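Worksheet: the structure to be examined is printed underneath.
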Amino acid sequence: MPINYYIFTALALFSIGIIGVLTRRNAIIIFMCIELMLNAVNLLLVAFSKMQLEDMNRGILKIANNGTDAQLFVFFIMVVAAAEVTVGLAIIVMMYRNTHSVDVNFLNRLKN
Amino acid sequence: MNITHILFWILTLMALGSALMVITSKNPVYSVLFLIATFFAISGHYILLNAQFLAIVNLIVYAGAIMVLFLFVIMLMNLNAETEPQKNKWLKFAGTIAGGCLLLIMVAAIKDADAKSTIVLMKQGETGLIHNLGNVLFKDYVVPFEISSVLFLSAMVGAVVLGKKE
Amino acid sequence: MNNIIDYVWLVPLFPLVGFLLNGLLRNSLSKPLTGIIGSGSILASFVVSVLIFMQVKTGATGIVTLFDFISYDKTNIPFAFQVDQLSSLFLLIITGIGFLIHLYSTAYMHDETDMHFARYFAYLNLFVFSMLLLVLGANYVIMFIGWEGVGLCSYLLIGYWFKNIEYTSAAKKAFVMNRIGDLGFLLAVFWILSKLGTVTYSEVFEKVNLLSANDITIITLLLFVGATGKSAQIPLYTWLPDAMAGPTPVSALIHAATMVTAGIYMIARSNILYTMAPTTQAVVTIIGLATALFAATIALKQNDIKKVLAYSTVSQLGYMFLGLGVGAFTGAVFHVMTHAFFKALLFLGAGSVIHAMHHEQDIRNMGGLKKYLPITHITFLLGCLAIAGIPPFSGFFSKDEILAAAYAKNPILYVLGVAGALMTAFYMFRLYAMTFLGKFRGTHEQEHHLHESPAAMTIPLIVLAALSVVGGLVGIPEVLAHNAHALEEFLAPVFAKSTALAKPHEIPHSTELLMMGGVTALVLGIIAYAWGKFSKYEKSAEESAGFGKVLENKWYVDEIYEAVITKPVNAFGKLLAKVDKYGIDWVVNGVGRSVQYASRQVRLLQSGQVGNYVLLMVVGIIILFAIQIFLKK
C-alpha cells in the first residue's frame, strides 16, 4: 500500500476527532475524541515505521531494527494516554459531583 | 487487488465509519462502544502492518482498560441521550465546517509530498515483533520506561486525590 | 622619584581630588577647610609642575601612558599624557595663576554661604583639572575631553549665581557658542582619525606628509573653528564679554590661565599642520587681526570695568592668533604667558575695586580710588603699563615679537596691529584714569565703606604685578641683547619642524629698533592724552551719539546675531513644536488609542468557553497551513 493511503486515513480520523471536540458539549465525549486523535497519530507512526523498512530492503538504508523507535513512541503514547485518562476521568467525576453536569459550558470560570 | 488490499479498505471504512458514529450518536454509551469498534479496526491495521505487539497492547490497554473505564464512569453518572447537553446547531455547523476545512487543507498540503508513493511494507518485517521491541525498549529506552512508571504512580495518586471527597 | 615626569598624573589628580572632596562634602565642610582643600590641591599641582618644569628644562620629555582608553581594530587611543616644553610651560601658567586666583577667591567669595562657597571651589578645581587634561593629553581625544570639560565648567561658573536669570542665560550663551566650536574640533579629530588612523600627536605629526594639501587645510580650518569658540574669536566671541556674569575671580581664571588659551595651545600644538596649510594661516591671521581691532574699538566706549577688560582680552587673543597666523608660534605662546600675568592681575584688581565698591561695576561712578586702595592702585597701574606695551614691562616684549613677525610677513598687518595696540593703550588708561584718578563720583554710602582688600586678595595682586613687570625678560628680542630669548630657546624643540619649514623672514635690526621706538613713543603719547582727558572726567547725562553710540552698543553684534540667527531658529523651533504637538503627538496618541480600542474588542473573545478557544485554534491552524501552501507556490 502506498503511504498516502495511511496518511489520508489518519488525517480523516484526526479531523473527525476535531469535529467531535468542536461540536459536542459532553466532557466525556470530548475526551473520547481526544483519544481518537491520539490513535490517528499512532496509526500514522506505525505506518511510517514500516515505510522505512522498504528502503532498507532495497539496500538504501542499512540500520538494524529500523522503525522500532516509531513503534516505541506509540507504546509511550499509549502509556501517557492511560495516565491522562485516569486523571482526566477523575476530574470529570469531581466536576459532575459539584455541578451534576458534564457540560463544558459550565466550565467558563477561566474567563475571569 | 489481493486479500491484503481488501482487508485494508474494509478496516479503513470500519474505522472511519465507527469514528463518525462516535461523534454523532446521542447516547454516550453508544459513543463508547463505537470508539471501541474504531480501536478494533486500528488494531486490525496494526496486524496488517505486522506490528503484533502494538495491536495486542492497543486492544488490551485501549479497547480493554481505558474504554471500560469510560463506560464505567458514564454508567456511574447515569448519562443517556436525554441528559446529553446539546450545542446550538449553528455552532455545530461551524465546527463541522472548520474540521472539514482542516482536513481539506492538510490533504492539500500533503498530497504533493515527495514520499507520496513510497510503499508501506505489509505482512512482513520483524520490526513490530515483541522480541525486537523488547530488546530496544529495555536497552535504549530503559530510562524513559522507568520514568513512565513514575508517571503512572503520580497519575494514580492524582486520581485518588481528585476523587476523594473533601 | 628618579624621574618626576613619570608622576605627571599627579598634576591633574590633585585638582580632581579637590573637586571631589569639595563637591561631595559641600554641606559639611567649613569655609576655611574648603579654601584650604581648594587652594591646597592647586598648590600641590603647582609644586609638581615646577619639578616637572625643572626636569623638562634639562631636555627631558616623555609620554606617560596610563591605560588604553579606546581600542578597536588597529586603532588604539591611549589615555596618555605628553610632557614636553609646551605642556610644561602651560602647566606652570595654569597651576601657578590658578593657585593665586584660588587664594584670592577665598577672600573675595567670603560672603557666600558654606554650601555655595564649597560648590564654587569644587567648580574651580574641576575647571583647573579639565584645563590640565587639555594641555597634558598626548592625543586629540584626551585634549577633547579637557576641551569639553572647560566648556562645561565655564557654563557652571558663569552661571554660578544661578538665581539671576540673566546670568544663567549668559552661561547658556557661553555653552552654546563653545559647542559650535567644539563641533568643528570634533569633526577635525574624526577627519584626522579617518585619514591617518591615529590621533596621537607624535604619530600625526610624523605622518603629516601622507595628508593631501586639501585635507590639511580642512583639518586646520575645522580645528580653527574649535579655537574660535574656545578662544573667543570672530564670529564666536560674544560669549566672552557676557561671561562677566560669573564671579570676578572666575573671569580672571577664564581669561588668564585657562579656557581662552586652549585655542592658542591647540594651534601651537598642531603648529606643523598649520605651517603646511598657508590658506588656513591666512584665515587665522585675518580673523585674529580683525578680532583684535574690532574688540579694541568696542572696548573704547565700555563703561563696565569688567566689560572693558573682557573686550581687551578678546583683542589680546586676536593678537595671539595674529602671531599664530604669521608663524610666530613662540611669540603667541609668549603672549599667552605675559597676558596671563597681566590680565589675571587686572581682573583681580578690578575684583578688588568691585569688592570695595560693594559690587558697583560702572566706572562712571568711580574715580579717586587711588587714596583708598593704594595696593590695588599700584598693581593695577603696573598691569595697565604691561598691557599697553611700555618697555620694559612684559607686554612690550611679547607684543613686539608678534608685531615684528607680522611686519616680516606684510607691513599692512603691522600697521593695523599697531593701531590696535594704540587703542589698547587708550582704553586701558581711560579705565585706569576713570577708576583711580580724579574725585569720587559714587554715593556717600559707598565712599564711607571704601577699604583696601584683605591680604588674601592683595598678595596675589602683588605677586602677579611682579610677574607682569619682569615676565617679559625671558623673551628679550635678538635686537636688544644677543641670545637672550630664553623662551624661544626653550620652546625650540616643539616648533622645530615648523621653523625648518617656514624659514622666517629676518628684518633689519635698525628697522626693528626704529619700530620699537616709534611705537613706544606713540603709546606714551596716547597714554598721556587719555590720562589728561579722563582724570578730570565728570559725570554727564548726555548720551554719546553717532559712531560712539555704535561702539557703546558693541557694533550691535548681539542684536544682529539675535535677528539673523536666534529669531529664525526660534521661529523654526516653534513651528517644529506645533508639528510635534499636532502631528507627531496625534499619531502617537492615535496608536495608543487604537490599541486600547482594539484590545477592548479582542477582550470579548475571551468568553471562557473552551470550545470557542478550540475553534479559534483550528481556524488558526487552517490559516497557517493555507499560508504555507500559497507561499510554496
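Chains as they are written, first to last, in the working numbering: chain A, 5 to 116; chain B, 480 to 645; chain C, 44 to 676. Backbone N, C-alpha and C fix where the C-beta goes; we use that ideal spot for every residue, glycine too. The structure presented is a predicted model; accordingly, all values stated were derived computationally and were not measured.
Where does residue i sit, in a helix, a strand or coil, going by DSSP?
| i | result |
| --- | --- |
| alanine 123 of chain C | strand |
| proline 290 of chain C | coil |
| valine 657 of chain C | helix |
| proline 6 of chain A | strand |
| threonine 77 of chain C | helix |
| leucine 528 of chain B | coil |
| leucine 647 of chain C | coil |
| threonine 467 of chain C | helix |
| valine 107 of chain C | strand |
| histidine 401 of chain C | coil |
| serine 504 of chain B | coil |
| tyrosine 580 of chain C | coil |
| leucine 496 of chain C | In the sequence under discussion, the amino acid at residue 496 of chain C is serine, which differs from the leucine named in the question. If DSSP states are grouped into helix, strand and coil, serine 496 of chain C belongs with coil. |
| methionine 44 of chain C | Only weak support is given to the placement of methionine 44 of chain C: the predicted model assigns it a pLDDT of 45, under 50, and the question is left unresolved by the model. |
| tyrosine 115 of chain C | strand |
| leucine 492 of chain B | helix |
| aspartate 619 of chain B | coil |
| asparagine 30 of chain A | strand |
Under 8 Å, do residue i and residue j count as touching if we go by C-beta distance?
| i | j | result |
| --- | --- | --- |
| phenylalanine 577 of chain C | alanine 468 of chain C | no |
| valine 178 of chain C | leucine 143 of chain C | no |
| leucine 495 of chain B | leucine 76 of chain A | no |
| proline 507 of chain B | isoleucine 553 of chain B | yes |
| threonine 356 of chain C | serine 395 of chain C | no |
| alanine 181 of chain C | glutamine 128 of chain C | no |
| aspartate 258 of chain C | aspartate 347 of chain C | no |
| alanine 87 of chain A | alanine 634 of chain B | yes |
| isoleucine 521 of chain B | asparagine 43 of chain A | yes |
| tyrosine 679 of chain C | proline 292 of chain C | The displayed coordinates of chain C run from 44 to 676. Any statement about residue 679 of chain C would go beyond what the structure contains. |
| tyrosine 415 of chain C | leucine 493 of chain C | yes |
| leucine 490 of chain B | glycine 523 of chain B | yes |
Out of the options, point me to the one whose CA is closest to residue i's CA.
| i | options | result |
| --- | --- | --- |
| asparagine 500 of chain C | C:Trp629, C:Ala387 and C:Thr211 | First, the amino acid is wrong: residue 500 of chain C is methionine here, not asparagine. Answer by Cα proximity: C:Ala387. |
| phenylalanine 233 of chain C | C:Thr263, C:Asn221 and C:Met220 | C:Thr263 |
| serine 130 of chain C | C:Leu146, C:Phe112, C:Arg643 and C:Met97 | C:Met97 |
| methionine 556 of chain B | A:Val91, A:Ala31, A:Phe80 and A:Leu49 | A:Ala31 |
| glutamate 532 of chain C | C:Thr373, C:Pro121 and C:Gly331 | C:Thr373 |
| serine 441 of chain C | C:His528, C:His494, C:Gly410 and C:Ser496 | C:His528 |
| isoleucine 137 of chain C | C:Tyr147, C:Gln345 and C:Ala383 | C:Ala383 |
| phenylalanine 337 of chain C | C:Lys238, C:Val600 and C:Ala620 | C:Val600 |
| proline 55 of chain C | C:Thr328, C:Gly192, C:Gln359 and C:Gly392 | C:Gly192 |
| lysine 592 of chain C | C:Lys344, C:Ile315 and C:Val268 | C:Lys344 |
| asparagine 168 of chain C | C:Gly81, C:Cys427 and C:Glu602 | C:Gly81 |
| tyrosine 10 of chain A | B:Ile545, B:Leu550, B:Gly642 and B:Val586 | B:Val586 |
| valine 537 of chain C | C:Val171, C:Tyr244 and C:Tyr50 | C:Tyr244 |
| glycine 678 of chain C | C:Thr271, C:Arg636 and C:Tyr147 | No answer is possible for residue 678 of chain C: it lies beyond the span of chain C, which begins at 44 and ends at 676. |
Going along the chain, which residues of its own chain have a beta-carbon closer than 7 Å to the beta-carbon of residue i, five neighbours each way excluded?
| i | result |
| --- | --- |
| isoleucine 341 of chain C | Tyr354, Leu594, Lys597 and Trp598 |
| isoleucine 297 of chain C | Ser197, Ala286 and Val303 |
| threonine 103 of chain A | Phe110 |
| valine 522 of chain C | His552, Glu555 and Leu556 |
| glycine 66 of chain C | Ala165 |
| glycine 481 of chain C | Gly410, Gly411, Ser578, Lys579 and Tyr580 |
| valine 60 of chain C | Ser84 |
| leucine 49 of chain A | Ala74, Phe77 and Val78 |
| tyrosine 183 of chain C | Val232, Ile235 and Val242 |
Could you pull out every residue in the same chain whose Cβ sits closer than 8 Å to the Cβ of residue i, ignoring the five residues on either side in sequence?
| i | result |
| --- | --- |
| leucine 446 of chain C | Tyr457, Gly460, Val461, Ala464, Met558 and Val562 |
| leucine 648 of chain C | Asn655 and Leu659 |
| isoleucine 48 of chain C | Ile95, Gln98, Val99, Ala103, Thr104, Gly105, Val107 and Val126 |
| alanine 545 of chain C | Thr318 and Gly370 |
| phenylalanine 112 of chain C | Ile120, Pro121, Phe122, Val184 and Ile185 |
Considering only residues of the same chain and omitting the five flanking positions on each side of residue i, which have a CB-CB separation below 6 Å?
| i | result |
| --- | --- |
| glycine 518 of chain C | Phe377, Phe440, His528 and Leu530 |
| lysine 215 of chain C | none |
| glycine 194 of chain C | Asn221 |
| leucine 253 of chain C | none |
Flag residue i as yes when its Cβ comes closer than 7 Å to any non-hydrogen atom of the ligand ADP, and as no otherwise.
| i | result |
| --- | --- |
| leucine 199 of chain C | In the structure on display, the ligand ADP does not appear, and there are no ligands present to speak of. |
Only counting runs of 3 or more residues, tell me where the beta strand (DSSP E) segments fall wholly within the stretch 215-301 of chain C, in order along the chain. Here no run is fully enclosed.
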